[in-house]
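In what follows, a structure is listed as structure tokens, so that the remarks can point back to it.
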Amino acid sequence: MNPIAAYWENLNVLEVNREPARAHYIPYGSIAEAKNAKRGTSPYYQTLNGAWKFAYRESVRQVTEPFYDSDYDHASWEELLVPSCWQTNGYDQLHYTNINYPFPCDPPYVPDRNPAGLYIREFQVRADWAGKTKYVVFEGVNACFYLWVNGTFVGYSQGSRVPAEFDLTPYLREGRNRMAVMVLKWCDGTYLEDQDLWRYSGIFRDVYMLARDPVHVRDVEVKQQLTSDLSQAELTIALRLNGSQEVRTELYDAKGAKVAAGVIQADGDGAVRLTVDRPTLWNAEQPVLYRLYVCSGTEVLSFAVGFRIVEITDGVFRVNGRAVKLKGVNRHDSHPSLGQTIPIAHMVQDLKLMKRHNINTIRTSHYPNDPRFLELCDEYGFYVIDEADLECHGIGKAGNWEGDAFHRLSNDPAWREAFVERAVRMVERDKNHPCVILWSMGNESGYGDNHIAMAEWTRRRDPSRPVHYEGAAPRYRGNPNVDCLDVESRMYASVGEIIQYAADDTQTKPLFLCEYSHAMGNGPGDLADYWDAIYRYPKLMGGCVWEWCDHGIAARTADGRAYYAYGGDFGDYPNDGNFCIDGLVTPDRKPHTGLLELKQIIAPVRIDAADAASGRFIVRNLYDFSDLSHLSLYWKLEEEGELIDQGSVAALDAAPQTKAELTLNVDASGTSAGSRELTLSLRLNRETKWAEPGYELSFAQFVLPAVAVEEPQSDAENISHHAIRVQAHGGSLLLEGFDFAYAFDLQAGMFTQLAKHGVRMLAAPMQLQIWRAPTDNDMYVKRKWMEAGYDRAEMKVYGCDWRQTSPSRVEVTMSYSMSGCSRYPLLRGTAVWTIDGSGAITFATDVQPREELVYWPRFGLQVTMPPGNEAVEYAGYGPHESYIDKRHSVRRGRYSSTVDALFEPYIRPQENGSRYGTEWALVSNEQGMGLRFASNAPFSFNASHYTPGDLTKAAHDFELVRREETIVILDYAMSGVGSNSCGPELMEPYRFPMKPFRYELSILPVFKED
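Mapping of the sequence shown onto our numbering: position 190 corresponds to residue 210, and the numbering continues sequentially without gaps.
Structure representation (structure tokens):
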């Protein structure tokens, strides 16, 4: 046969000589070894990871030499570490695309210029493996590969993210052996792997050999049946052998005690049944695992067993009989420097971060993950939606020809085997994992007969888990037959849409939001609204935020500055820009504020006030299976940033899915007219695998009114009667008081200088500001904003008059409008500036927006302060950024920070760092000399070294040039951030209110330390 037959474009050849799919396991030599679970210690395991000889060819047509021959001279080749991705090692093109195929869409054909990677590995086979059957396992190779051993063709496989196993016994010899592999970048299977990600190639997951007894267990399926009261479990251990042999099974509980055992003489197929009384059940909150050992010949196979039932009753998704809410994220395999090669430590880091932020569910978007990742999910406790490696999004994008293009492949019988095989290989590999609670038939691939065939096969093969596929949603207008699917799934449905579904009695399936609340850039801003609805309706089973991490590539500029690159930064075409920068954590796993928001909103405990002033509260336990004994409550009462009282409750008492009353000994009496904050903090009181004692899971805060008391007149009030000297000169109004000197531009209607004791506090004239640097979630509305001229809005002053109403009071009155070039005025307003003898300035403006326009980004006053004004103190919500729809993770208090610390460094610069609900803010130099801002109503403020224009222009953070000046923007209001980069439009309550309003702001130069 031709050693390199063109299988890569042949739909009739998905594999050659590949072993049938089976459950993942490593054979060990004893139960003790298997219990240790270190595969390198197994006498039957040999890694082939490491340095391989490697040659890259721009096209498979350039592979003309017999590189696979056992005596081929590869001395001139380079070395490449396996596992790894070509593109992260300098080969081929780093390329990010979401929907579009990176080549002409002509299925099943791929370009003739199809890059190839040639690998050669010399290896020894252990002497004690003589007489054994020897296999090689490739856990993941993208996109297809050919395998030779000692010059002989062994086989072929495609399907990038599930294992390929080959029997090497006939090809190996004593002493040194040579393995050769040719990996192609593209094959017909690439049409089914059009996921939203960087397009990586190569042997990117582990490669290893297994030695097996001549007769051995090939596959194990652990089935379980629990009685209706969950008091007894029966395990059926279905076995597939390649001959006849005695098989012994032993089951141990989490403490290491043997609880059941059985033996069978199996011939080809067989089954062992074990009974367990009063099993401890597995769930994501309490991931209790039993350990099953399957012993045959000299081998021991080990499997985690988690007793649990997944079912849907009366339209409600349940685990172990209880309604469960899936608080999830979508997770891609993504590493900032290794691409899709994910080390174990990196997997553990992700899972610990998720647990610390109250996440209980992972959708493996959009392909099966490394099998060790599922083992970790079993152990740490996560519900997993295991998704087939299937997405052909680009079919619809390429053009609507030959009928409805989006469903073209899913309806084509020629592709049916390729579709079904992807479900088969996933289910067979992962069927024994308790963490897997839903099978997903892929993502965004249309919906037709081929998907129905996948789902029907899956339900027959494993009736113990529901089947999910979002692509069957009505909006795609695919095949109306959805009987094969157990769950109704939606992607980026609005809150109104999911409520409408939940309230419709004709809808009998639970609704799962497989993607929602797009977390791109500064966002998401609608999480609370979704979860208010999800908790309210039993039929809503939860969802997975898109997505877990930013997929930035660690890169450096020409002058050596580090940054994270995104689509287009490498000349890749077509590309989707920064649409891969859409996660809750940065590429190096630093949480964005959106993750902090998610943590608080999906927290497993909520505390409501019954009578907060009297210390009476309602504790709602939102855990599905856990009481609250593992949590302690700490409380503190603060007033004006000062601690008044504190206390704790060692352990809380509330059963799962119940509520309980809590009474705290809080002193409700106050000492001033200001309000006080009572903050309750819920923290772990014991060590876990993912957090230390004292770690805060959630908090609640209540504002208590204080008792007003008469306060003595302040010095500021005493000096407010000092006279002001006023002089109009050359269009400017000069005002000089007891310790201040100001300048006001009567033509521009703004202050141009403020000074106290000679310290200048303005570096540029004040200005009104309605523009913000668009967030990623503003990507659609920003077009309307720019069309209306918001980004270029300038103020026109129609008239500006002043008068001195008393020796210690001056008023400046003006009328104005704001317009963008080529546009009618977008607002008209009047304003009064009042200056008193203390130097206090009050700005009061009445504004009439053009109500027919699209809502504004913001309205505020921009104040530019000189270099050195780095200190920020404020009373309001903190410690991190907050917006009208993204403020559940902040708490009210008094905060001290710096301008740089207020900045949130998004990979693509955008609006950031705002503080919602501020009472007052003070920006000063290190000696406390600066400006204090306050309002009669809570406002938002931002202090930064970048203007909105600076942030708007920059495409990457390294393009920002830090100004020495401090730019302070004091907003009457700012629109929310939402999730409209992929989700629904910003909800009406979070848009800037386009109706007449009045804004009042006070500005006072201060020497704080005096």
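All C-beta atoms, glycine included, are put in the ideal place defined by N, C-alpha and C.
Query	Result
Beta-carbon proximity check, Gly543 vs Ser1001, cutoff 9 Å	yes
Alpha-carbon spacing of Glu159 relative to Leu188, whole angstroms	16 Å
Nonlocal neighbours in the same chain, by C-beta distance under 8 Å from Gly348, ignoring five residues either side	Ile379, Asn380, Thr381, Ile382, Arg383, Tyr403, Ile405, Gly562, Gly563, Cys564 and Val565
Secondary structure, beta strand (DSSP E): runs of 3+ residues fully inside the segment 803-861	814-826, 829-839 and 847-856
With 16 other Cβ atoms within 10 Å as the buried cut-off, status of Leu663	exposed
Minimum C-alpha distance to Asp602 - residue among Gly750, Ala522, Asp796 and Ala763	Asp796
Contact between the segment 75-91 and the segment 237-256 (3+ Cβ pairs under 8 Å)	no
Any 3 or more C-beta pairs closer than 8 Å across the segment 433-444 and the segment 28-44	yes
Straight-line Cα distance separating Arg706 from Phe173	57 Å
Complete runs of the alpha helix (DSSP H) confined to the segment 375-402 [at least 4 residues]	391-400
Endpoints, beta strand (DSSP E) assigned at Ser430	Counting along the chain, Ser430 falls outside any beta strand (DSSP E), though it belongs to the alpha helix (DSSP H) covering Arg428 to Asn431.
Cβ shell of Ile554 (< 7 Å), same chain only, five flanking positions each side left out	Lys345, Leu560 and Gly562
Residues bridged to Glu1005 (per DSSP)	Per DSSP, none; premise fails for Glu1005.
Proximity below 9 Å, CB of Glu924 to CB of His908	no
C-alpha gap between Met781 and Glu1008, whole angstroms	38 Å
Beta-carbon proximity of Cys207 to Tyr65, cut-off 9 Å	no
Contact between the segment 188-198 and the segment 361-369 (3+ Cβ pairs under 8 Å)	no
Residue closest to Arg428, alpha-carbon to alpha-carbon, out of Tyr496, Thr918 and Arg481	Tyr496
Nearest residue (CA-CA) to Leu396, options Tyr643, Pro363 and Leu942	Pro363
Best match in Ser826, Asn463 and Tyr220 for proximity to Ser357 [C-alpha to C-alpha]	Tyr220
Pairwise C-alpha distance: Lys154 and Thr478	30 Å
Proximity below 9 Å, CB of Thr918 to CB of Ala783	no
Option in Ala136, Lys205, Val242 and Asp432 with minimal Cα separation from Tyr466	For the record, residue 466 in the displayed sequence is Gly; it is not Tyr. Gly466 has its Cα closest to that of Asp432, out of Ala136, Lys205, Val242 and Asp432.
Per-residue burial, Tyr844 [other beta carbons within 10 Å of its own, 16 or more giving buried]	exposed
Pick from Tyr818, Met374 and Glu508 that is closest to Arg609, judged by C-alpha positions	Met374
Bounding residues of the beta strand (DSSP E) (the contiguous stretch that carries Trp72)	Gly70 to Arg77
Residues of its chain near Glu659, where Cβ-Cβ distance is below 6 Å and the 5 sequence neighbours each way are ignored	Arg696
8 Å Cβ shell around Asp644 - same chain, five flanking residues per side excluded	Asn303, Glu305, Val339, Arg342, Ala343, Val344, Lys345, Pro676 and Gln677
Residue span of the beta strand (DSSP E) that contains Thr300, given as start and end	First-last for Thr300: undefined, no H or E at that position.
Rounded C-alpha distance that separates Gln824 from Ala548	50 Å
C-alpha gap between Gly423 and Arg803, whole angstroms	Because Gly423 sits at a pLDDT of 46, beneath the cut-off of 50, its placement in the model cannot be relied upon, and the point is left open.
Sequence ranges, beta strand (DSSP E) only - wholly within the segment 140-198, length at least 3	153-158, 164-169, 172-178 and 184-187
Sufficient close CB pairs (3 or more, under 8 Å) joining the segment 885-899 to the segment 850-864	no
Burial state of Cys841 (16 or more Cβ within 10 Å)	exposed
Straight-line Cα distance separating Ala184 from Glu39	7 Å
Secondary structure of Phe87, DSSP reduced to three states	coil
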